[in-house]
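Structure record follows, encoded as structure tokens.
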Ligand code: SF4
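Residue numbers (this note's numbering): 10 to 403.
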């Protein structure tokens, strides 16, 4: 039987690990050695001196949701006094600000609203594309697509075809959590099951849309269940790349955010949940080795904080995520974003350079938009209308 060191070498040699081998390496291998190997693989697969980022904005169009996930602090049930559905005026103001920052994408997600019909989503997308033709719209995770399909009595294929025709560019990878139904049944029994999540992504990829893969650890899942989740992502990536060359653009992982504002955080079993920074770095690095058909791995500063995110750049990650001019979901559960809810481009550059890399702005397909071979001043990176008025932002 191969030892963890043999398996580490096997991964470094570019050979695929089986699920059984992955489990041995993940649970018995030296985490420091795994991180170092993950960094070596990252240097081979992506431009070594560069760390990329996206200027975008997370917009949550509604907090109405009927699904009650135990880890969610964001949703409000229908009829609750704090529910909202975003207005076009509010959406415009957010996108105008994004444009001032040189932003290129909105990532728009929301709860499972029981009354919004597919025409509401189509109208919204058509209006977005007509008003902001340069902004890419990556919206609605697989579980929201399933919710629309359920409301309309329509197939997931048909919903995605219609939304894509209306202007949907990509499907964010949210809602994957752990792709193992035993875990999903325990923490979010009303939410999309594993096969449906994968199916929605499969269809979106066939339609040529931008998709990302995510994993959240710390729901009391076993190591085997984490490997199951990664194995399913890897299999779909194989399938889609072979079929049409359009697979997941990146893998993004974070840890469950526990707080008094969600059921898991209030649970008397709270001690069974969550994952610390070391576990985050170890798992992200292992994923870099195991997901041998993925190119880009993000460091998650909103959930882990800046220091850990910088360390992740030496544990397999090659991308610093995005500015996230707005975040409303994880930040409601005592994530890092409570302390620093917005990240300016200047601050993002500062973090990437502090870690020893040059920053480069990318689009959602990880194509480089702009390189920054020299250190840019705060003034040079300030949003344009503010800079023109002589007002600088932190
Ligand atoms: S995570 Fe999404 S689906 Fe689950 S309760 Fe929150 S808004 Fe609803």
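Every residue gets a Cβ at the ideal spot worked out from N, C-alpha and C, and that includes glycine.
Buried versus exposed call for residue i [16 or more other C-beta atoms within 10 Å across all chains shown]
i           : result
residue 30  : buried
residue 194 : exposed
residue 285 : exposed
residue 14  : exposed
residue 4   : This structure gives no information on residue 4, because the portion of the chain shown stretches from 10 to 403.
residue 53  : exposed
residue 363 : exposed
residue 200 : buried
residue 400 : Annotation note: pLDDT 45 at residue 400 (below 50); position unreliable, coordinate value reported separately. Flag for residue 400 reads exposed.
Residue i (DSSP reduced to helix, strand or coil)
i           : result
residue 196 : helix
residue 31  : helix
residue 80  : coil
residue 187 : coil
residue 53  : helix
residue 13  : helix
residue 323 : coil
residue 268 : coil
residue 128 : helix
residue 145 : strand
residue 286 : helix
residue 398 : Caution is warranted here: a pLDDT of 43 is assigned to residue 398, below 50, making its placement in the model unreliable, and no coordinate value can be reported.
residue 70  : coil
residue 61  : strand
residue 390 : helix
residue 368 : strand
residue 8   : A question about residue 8 goes unanswered here, because the residues of the chain that appear run from 10 up to 403.
residue 43  : helix
Close Cβ partners of residue i (< 7 Å) along its chain, the five nearest in sequence each way excluded
i           : result
residue 156 : 121
residue 48  : 323, 324 and 325
Candidates the options: closest to residue i by CA position
i           : options               : result
residue 268 : 299, 82, 117 and 165  : 82
residue 210 : 168, 196, 190 and 192 : 168
residue 283 : 71, 226, 317 and 204  : 226
residue 253 : 274, 276, 46 and 213  : 213
residue 365 : 58, 43, 247 and 171   : 58
residue 356 : 385, 206 and 11       : 385
residue 153 : 103, 215 and 70       : 70
residue 215 : 186, 251 and 231      : 251
residue 276 : 333, 99, 80 and 10    : 80
Nonlocal neighbours in the same chain, by C-beta distance under 8 Å from residue i, ignoring five residues either side
i           : result
residue 373 : 63, 65, 113, 114, 145, 147, 178, 179, 219 and 258
residue 40  : 287, 290, 291 and 294
residue 101 : 140
Residue i to residue j span [Cα, whole Å]
i           : j           : result
residue 388 : residue 108 : 17 Å
residue 244 : residue 237 : 10 Å
residue 25  : residue 241 : 14 Å
residue 91  : residue 85  : 7 Å
residue 262 : residue 307 : 7 Å
residue 352 : residue 143 : 22 Å
residue 404 : residue 190 : The question about residue 404 has no answer, for the chain in this structure spans 10 to 403.
residue 165 : residue 32  : 33 Å
residue 270 : residue 176 : 35 Å
residue 228 : residue 37  : 21 Å
residue 125 : residue 72  : 12 Å
residue 235 : residue 393 : 44 Å
Cβ neighbours of residue i in the same chain (closer than 6 Å, five flanking residues each side left out)
i           : result
residue 75  : 121 and 123
residue 377 : 369 and 371
residue 182 : 221, 222 and 223
residue 246 : 256, 257 and 302
residue 50  : 297
residue 138 : 176
residue 230 : 187 and 192
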